[in-house]
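**Student:** I have a structure here, written as C-alpha cells, and I will follow up with some questions on it.
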Amino acid sequence: MYKIFKAKVIDNLPLNKKNYLLTIEPLDPISEPSPGQFYMVGTGNSFDPLLKRPFSYFRKTAQAIQFLYTVKGKGTAQMKALKPGDGMQVIGPLGTGYPKPPKGYIPLLIAGGIGIASLFSLAECLTKKPSLIYGSRCKDDLLILNELEKLGSELITCTDDCSFGREGMVTDVLTNFLASPSSKGTSYMIYACGPKPMLAAISQIALDKHIKGYVSLEENMACGFGACLGCSVKTGKGYKRVCKEGPVFPIEDIVW
Amino acid sequence: MKGLDCPLAHSRPDIHRDSEVNSVFDSIQIRSRTIQSLTTTDYSMDLSVNIGKLKLKNPVMTASGTFGYGEEYADFVDLNLLGGIVVKGISLKPMEGNPSPRICETPCGMLNAIGLQNVGLKTFLRDKLPYLRNFDTKIVVNILGNSVQEYVRLAKTLVDTGVDGIELNVSCPNVKKGGMTFGIDPRSLAKLITAVKRTVSNTVLITKLSPNVSSIPDFSRVAEDAGSDAISLINTIPALSIDTETWKPRLANVTGGLSGPAIKPIALRMVWEASQAVSIPVIGIGGITNTLDALEFLLAGASAVQVGTGNFLNPKATIEIISGLVAYLRRKNIQTIGAIIGGMKGTKSCHNPDH
Numbered sequence: 095m096y097k098i099f100k101a102k103v104i105d106n107l108p109l110n111k112k113n114y115l116l117t118i119e120p121l122d123p124i125s126e127p128s129p130g131q132f133y134m135v136g137t138g139n140s141f142d143p144l145l146k147r148p149f150s151y152f153r154k155t156a157q158a159i160q161f162l163y164t165v166k167g168k169g170t171a172q173m174k175a176l177k178p179g180d181g182m183q184v185i186g187p188l189g190t191g192y193p194k195p196p197k198g199y200i201p202l203l204i205a206g207g208i209g210i211a212s213l214f215s216l217a218e219c220l221t222k223k224p225s226l227i228y229g230s231r232c233k234d235d236l237l238i239l240n241e242l243e244k245l246g247s248e249l250i251t252c253t254d255d256c257s258f259g260r261e262g263m264v265t266d267v268l269t270n271f272l273a274s275p276s277s278k279g280t281s282y283m284i285y286a287c288g289p290k291p292m293l294a295a296i297s298q299i300a301l302d303k304h305i306k307g308y309v310s311l312e313e314n315m316a317c318g319f320g321a322c323l324g325c326s327v328k329t330g331k332g333y334k335r336v337c338k339e340g341p342v343f344p345i346e347d348i349v350w
Numbered sequence: 074m075k076g077l078d079c080p081l082a083h084s085r086p087d088i089h090r091d092s093e094v095n096s097v098f099d100s101i102q103i104r105s106r107t108i109q110s111l112t113t114t115d116y117s118m119d120l121s122v123n124i125g126k127l128k129l130k131n132p133v134m135t136a137s138g139t140f141g142y143g144e145e146y147a148d149f150v151d152l153n154l155l156g157g158i159v160v161k162g163i164s165l166k167p168m169e170g171n172p173s174p175r176i177c178e179t180p181c182g183m184l185n186a187i188g189l190q191n192v193g194l195k196t197f198l199r200d201k202l203p204y205l206r207n208f209d210t211k212i213v214v215n216i217l218g219n220s221v222q223e224y225v226r227l228a229k230t231l232v233d234t235g236v237d238g239i240e241l242n243v244s245c246p247n248v249k250k251g252g253m254t255f256g257i258d259p260r261s262l263a264k265l266i267t268a269v270k271r272t273v274s275n276t277v278l279i280t281k282l283s284p285n286v287s288s289i290p291d292f293s294r295v296a297e298d299a300g301s302d303a304i305s306l307i308n309t310i311p312a313l314s315i316d317t318e319t320w321k322p323r324l325a326n327v328t329g330g331l332s333g334p335a336i337k338p339i340a341l342r343m344v345w346e347a348s349q350a351v352s353i354p355v356i357g358i359g360g361i362t363n364t365l366d367a368l369e370f371l372l373a374g375a376s377a378v379q380v381g382t383g384n385f386l387n388p389k390a391t392i393e394i395i396s397g398l399v400a401y402l403r404r405k406n407i408q409t410i411g412a413i414i415g416g417m418k419g420t421k422s423c424h425n426p427d428h
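Respectively, the protein sequence lines represent chains P and Z.
Under my numbering, think of the first position of the first sequence as 95, with each following residue one higher.
Under my numbering, think of the first position of the second sequence as 74, with each following residue one higher.
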C-alpha cells in the first residue's frame, strides 16, 4: 500500500461559483480511509504555492476519492483549474478519524459550511442514521443537499441570512434541537466540523449539557504526517498535532 | 534549464522534469533491486563523505526540525538509505512550543515559529533513540539550551549513549532565550563550542550557524577556531507575513523563520562563503528539494547537505536526491562524490567573499 501516491483527475465539477467537487483516481494501490481522515493534495507543479493542502475526503469508492472544496486562496485556485486527465501527487489517508458512537448513543452531526465534507463520509457509513444539522452563510453555500437527502437522516438546514432552511446559526438550531421534547431522554454523541468559532460554541453547549462528542479541527499544515509540528493545537494534555492525534478530538480536550 | 534562477522555473521534487532523475526514481520504485545496489558496498560509485571523524555513506542528511524523530517518515523512506538523520532539537526539559498558528506559506517558501517543541532529553533517550538505532544510518542530535552548562549536559548525556554526532543549535529565531543569543555573539559562541567540545572530544561536533549575522566567514572561523568539527548552515531567516484582511501577523509569534526554495540562493551564497573561510567540512542547508539543488551546494563547497522543508513537500525527497546523485555521477562519468565538492568553476574574477 502506498501512503504517497500518484492520482489522475477524473472530474472537477463546479457546484456553484466557489465550491467544487474533485474526483480523482489513485494510480497506485492505497489503503482504505475511515471517515474524518484526510489527504494532503498536491495540485501544481511549481513552488508557488509550495505546500500540499489538507482535505478531508468527501467520499471514497472502489475507484475514486472525492473532495469537496471551497476556492479560498492560491492552493484552491490552482485546484479549480485542474482538468480531467491531470496528474497529481497525494499523501494519505492521514490522521485519526471519527470514533464510532458507543452503544446507546445517537449520533448528532453538526456541519458548518465546507465542514460538511468530512461529516458526509461519516453519515454515509453510520449504520444508525444520524441527525444532521447543517448550516452556512447563505443558500448557495449549502452543498450537495440532494445527496444528503438520499442518506435518509433527519436533516435540519439553516442559513445566517435566512435564504434557506431555518434562520440563524447551527448553534441556535442545536440549542433548540436539544430543548425539543423529542430529544428528552436521548443520549447524543456530537460530531462537529466547521469554522473554529462554531466549534468553540458547540463545545461550550456540549460541556454545559454534559453531552459527549468530537470536533474535527483545521490548521495550517506543512507536512500532514506529524513531522513539522506546525498544526499543533492546545489541549488539556498539552499541544497535540491536528494531523496526527487529530484532526478529530474529543470535545472536552480542546482549549479554545 | 540551468541558468534560470527563479525557483518557479525549477521542477518540483514531486513532479520531476529532469528525465534522468525521473527514470532512476521510477526504476527504484519498480525494482527494489536498484535500492539494494545503493546500499551494498560493491557499488562502483563512492557516495561516501566524511564530516570530521563521522563517515556518511552518502552526503544526504535530514535537517533538524523537519524530520521529527525519524519514525514520522518510516511510511515513506527506508531510513537505512540516508547518509544521516538529524533529529528535532532536544532540550533538557520538554518544551511545549509556541501558540498556533505556527506556520504560514509565503511565495516559494514558508514561515515557521514552532518554538522548539520537543519531548525533552529523558523521553528522547527512552522512547525515540532506541527506534532510530534500528537503522543503518548516522544519528546526529541537535541540542539547544539556555546556558553553556545545559548544552554541555545535553551533549555529554547523548554522547554517553553513543549517538554519532551533536549539532549545536545556536540559531533558532523563534525562542526568547538561548538559541540565537549564542549564534550572533562571537564570544559566547566560542565559549559554548569550546566547553561542549571539551566534554565530547571523541564525537563529531557540528555548529549550526545563523544566517542572521554580519559576516558568515567571521562566524565560520569562530566555530572552527573554537574546535567545532564541522559547521552547518543556514538556519531559517527571520521574516514576517501579514494578513491584509485582519491586519494581524499570520503567525501567533508575529515573526517566524523563512525556509524553502525562496531562501536557496541566499543559503548557497553563504555556504560558498563559509567553505572559502574554513577548512572544516561545511554542511549545506536551505531550500534543497531535488538533486540539482543538492549538487549546487556540493559544488559551492558543502561536503554534505541537509534536506529540510523539502521533506514536507515530498517526504521521499531525500532518497530521490540520493538516487539522482548516482545518476548524475554516472552520466558525468565521475567515480566519487568527493570530486564534485567545491568544484564550482570560474570564480577567480569575483570579489573575494572573505573580506
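All C-beta atoms in this analysis are idealised placements derived from N, C-alpha and C, irrespective of residue type, glycine included.
Just so we're clear, the structure is a prediction, and the values are computed from it rather than from any experiment.
Count Cβ pairs between the stretch 380-400 of chain Z and the stretch 330-340 of chain P that sit closer than 8 Å; are there 3 or more?
**Tutor:** Cβ pair count under 8 Å is below three, so no.
**Student:** Under a CB-based cut-off of 8 Å, is P/S326 close to chain Z?
**Tutor:** As a working note, residue 326 of chain P is residue 232 in the first sequence. Output row for P/S326: interface = yes.
**Student:** Can you list, in chain order, the residues of its chain whose CB lies under 6 Å from that of P/S225, leaving out five sequence neighbours each side?
**Tutor:** Taking the first sequence and counting its residues from 1, the one referred to as residue 225 of chain P is at position 131. Excluding sequence neighbours, P/S225 sits near L202, E248.
**Student:** Could you compute how far the alpha carbon of Z/T114 sits from the alpha carbon of Z/T210?
**Tutor:** Position 41 of the second sequence, counting from 1, holds the residue named residue 114 of chain Z. Position 137 of the second sequence, counting from 1, holds the residue named residue 210 of chain Z. Annotation note: pLDDT 40 at Z/T114 (below 50); position unreliable, coordinate value reported separately. When rounded, the distance between both Cα atoms is 14 Å.
**Student:** If you draw a straight line from the C-alpha of Z/F385 to the C-alpha of Z/E169, how long is it?
**Tutor:** Within the second sequence, residue 385 of chain Z is the residue found at index 312, counting from 1. Within the second sequence, residue 169 of chain Z is the residue found at index 96, counting from 1. Roughly 21 Å between the two C-alpha positions.
**Student:** Between which residues of its own chain and Z/V355 is the CB-CB distance below 8 Å, once the five residues before and five after are set aside?
**Tutor:** The count along the second sequence starts at 1 and reaches residue 355 of chain Z at position 282. Only S293, A303, I304, S305, L306, V344, A347, S348, G374, A375, S376 meet the Cβ criterion.
**Student:** Just to make sure I have the definition right: I need the residues of chain B whose C-beta is within less than 8 Å of the C-beta of Z/N384. Which are they?
**Tutor:** Going by chain labels, chain B is absent from the structure shown, which instead holds the protein chains P and Z.
**Student:** Give the DSSP bridge partners of P/S215, in chain order.
**Tutor:** Here residue 215 of chain P corresponds to residue number 121 of the first sequence, with the count starting at 1. In the DSSP output, where bridge partners are listed per residue, P/S215 has none listed.
**Student:** If we call anything under 8 Å between Cβ atoms a contact, is Z/G300 one with Z/I266?
**Tutor:** As a first step, residue 300 of chain Z must be located in the second sequence, where it is residue number 227. As a first step, residue 266 of chain Z must be located in the second sequence, where it is residue number 193. Yes, these two residues count as a Cβ contact at 8 Å.
**Student:** Would you check if the stretch 273-280 of chain Z and the stretch 312-322 of chain Z touch, i.e. whether three or more CB-CB distances between them fall below 8 Å?
**Tutor:** Contact fails: fewer than three Cβ-Cβ distances are below 8 Å.
**Student:** Would the beta-carbon of Z/A335 fall within 8 Å of that of Z/P180?
**Tutor:** Position 262 of the second sequence, counting from 1, holds the residue named residue 335 of chain Z. Position 107 of the second sequence, counting from 1, holds the residue named residue 180 of chain Z. Yes, the pair counts as a contact, with Cβ atoms nearer than the cut-off.
**Student:** Which residue from Z/D258, Z/K166, Z/E297, Z/K264 puts its Cα closest to that of Z/N285?
**Tutor:** In the second sequence, the residue the question calls residue 285 of chain Z occupies position 212. Out of Z/D258, Z/K166, Z/E297, Z/K264, Z/D258 has the C-alpha closest to the C-alpha of Z/N285.
**Student:** How many Å lie between P/M283 and P/Q160 at the Cα?
**Tutor:** Position 189 of the first sequence, counted from the start, is the residue given in the question as residue 283 of chain P. Position 66 of the first sequence, counted from the start, is the residue given in the question as residue 160 of chain P. C-alpha separation (whole angstroms): 26 Å.
**Student:** Does any CB atom of chain P fall closer than 8 Å to the CB of Z/I101?
**Tutor:** The residue you call residue 101 of chain Z lines up with position 28 of the second sequence. Only weak support exists for where Z/I101 lies, its pLDDT of 40 falling under 50; the value from the coordinates is given anyway. Not an interface residue.
**Student:** Is the CB-CB distance between Z/V214 and Z/I187 below 8 Å?
**Tutor:** In the second sequence, the residue the question calls residue 214 of chain Z occupies position 141. In the second sequence, the residue the question calls residue 187 of chain Z occupies position 114. The answer is no: Cβ separation not under 8 Å.
**Student:** Quick check: what's the CA-CA separation for Z/K126 versus Z/L262?
**Tutor:** Translated into the one-based positions of the second sequence, residue 126 of chain Z becomes position 53. Translated into the one-based positions of the second sequence, residue 262 of chain Z becomes position 189. Each residue's Cα considered, the two are about 22 Å apart.
**Student:** Assess, as a yes-or-no matter, whether the stretch 168-185 of chain P is touched by the stretch 241-255 of chain P under the definition of 3 or more beta carbon pairs within less than 8 Å.
**Tutor:** As far as the Cβ criterion goes, the stretch 241-255 of chain P does not touch the stretch 168-185 of chain P, which means the pair count is below three.
**Student:** In its own chain, which residues sit with a C-beta less than 6 Å from the C-beta of P/W350, not counting the 5 before and 5 after it?
**Tutor:** Within the first sequence, numbered from 1, the residue matching residue 350 of chain P stands at position 256. Excluding positions up to five away in sequence, the list reads A294.
**Student:** DSSP puts P/C252 in a beta bridge; with which residues?
**Tutor:** For the purposes of this step, residue 252 of chain P is identified with residue 158 of the first sequence, where counting begins at 1. According to DSSP, which records beta bridges pairwise, P/C252 is partnered with P/G229, P/R260.
**Student:** Return yes when the Cβ of P/P127 is within less than 8 Å of the Cβ of P/P187, no when it is not.
**Tutor:** On the first sequence, position 93 is the one that residue 187 of chain P refers to. On the first sequence, position 33 is the one that residue 127 of chain P refers to. Result yes, Cβ atoms of P/P187 and P/P127 sit closer than 8 Å.
**Student:** Would P/C287 be called buried (16 or more neighbouring beta carbons within 10 Å of its own) or exposed?
**Tutor:** Counting from 1 along the first sequence, the entry for residue 287 of chain P is found at position 193. With 16 or more other Cβ atoms within 10 Å, it is buried.
**Student:** Using alpha carbons as the reference points, say which of Z/L198, Z/A296, Z/G333 lies closest to P/P143.
**Tutor:** Here residue 143 of chain P is taken as the residue at index 49 of the first sequence, counted from 1. Closest option to P/P143, Cα to Cα, is Z/G333.
**Student:** By the criterion of Cβ-Cβ separation under 9 Å, what are the contact partners of P/K97 in chain Z?
**Tutor:** Position 3 of the first sequence holds residue 97 of chain P. Simply D148, F149, P388.
**Student:** With DSSP collapsed to three states, give me the class of P/N106.
**Tutor:** In the first sequence, counting from the first residue as 1, residue 106 of chain P sits at position 12. Of the three classes helix, strand and coil, the one that applies to P/N106 here is strand, per DSSP.
**Student:** Is the separation between the beta-carbon of Z/D366 and that of Z/K337 shorter than 8 Å?
**Tutor:** As a position in the second sequence, residue 366 of chain Z is number 293, starting the count at 1. As a position in the second sequence, residue 337 of chain Z is number 264, starting the count at 1. Contact: yes.
**Student:** May I have a chain-ordered list of the alpha helix (DSSP H) segments no shorter than 4 residues that lie completely inside the stretch 203-258 of chain Z?
**Tutor:** Counting whole runs of 4 or more residues, the stretch 203-258 of chain Z contains the alpha helix (DSSP H) stretches 221-233, 253-256.
**Student:** Please compile the residues from chain Z whose C-beta is within a distance smaller than 8 Å of the C-beta of P/L145.
**Tutor:** On the first sequence, residue 145 of chain P is found 51 positions in, with the first residue counted as 1. In chain order: E178, M183, F385, L386.
**Student:** Please report how far the alpha carbon of Z/L241 lies from the alpha carbon of Z/D298, in whole angstroms.
**Tutor:** In the second sequence, residue 241 of chain Z corresponds to position 168, counting from 1. In the second sequence, residue 298 of chain Z corresponds to position 225, counting from 1. If you take the alpha carbons of Z/L241 and Z/D298, they lie about 15 Å apart.
**Student:** Pick helix, strand or coil for P/Q157, following the three-state DSSP scheme.
**Tutor:** Mapped onto the first sequence, residue 157 of chain P falls at position 63. Residue state, collapsed to three classes: coil.
**Student:** Quick one: which unbroken beta strand (DSSP E) runs of 3-plus residues sit fully inside the stretch 163-212 of chain P? Chain order, please.
**Tutor:** Runs found: 181-188, 200-206.
**Student:** Would P/C322 and P/E313 be called neighbours here (beta carbons separated by less than 8 Å)?
**Tutor:** Residue numbering aside, residue 322 of chain P sits at position 228 when the first sequence is read from its first letter. Residue numbering aside, residue 313 of chain P sits at position 219 when the first sequence is read from its first letter. No, these two residues do not count as a Cβ contact at 8 Å.
**Student:** May I have the straight-line CA-CA distance separating Z/L202 from P/L220, to the nearest angstrom?
**Tutor:** Here residue 202 of chain Z refers to the residue found at position 129 when the second sequence is read from its first residue. Here residue 220 of chain P refers to the residue found at position 126 when the first sequence is read from its first residue. Each residue's Cα considered, the two are about 41 Å apart.
**Student:** Compute the Euclidean distance between the alpha carbons of Z/D91 and Z/G359, then round it to the nearest angstrom.
**Tutor:** Locating residue 91 of chain Z in the second sequence gives position 18, counting from the first residue. Locating residue 359 of chain Z in the second sequence gives position 286, counting from the first residue. Note that Z/D91 scores a pLDDT of 43, beneath 50, so its modelled location is shaky; the value from the coordinates is reported in the next line. Their Cα atoms are separated by approximately 21 Å.
**Student:** Just how far apart, CA to CA, sit Z/R403 and Z/L368?
**Tutor:** Working through the second sequence from its first residue, we reach residue 403 of chain Z at position 330. Working through the second sequence from its first residue, we reach residue 368 of chain Z at position 295. Going from the Cα of Z/R403 to the Cα of Z/L368 covers about 14 Å.
**Student:** Sort P/N110, P/P129, P/G307, P/V184 by Cα distance to P/K100 and report the nearest one.
**Tutor:** Locating residue 100 of chain P in the first sequence gives position 6, counting from the first residue. Looking at the Cα atoms, P/V184 is the closest of the given residues.
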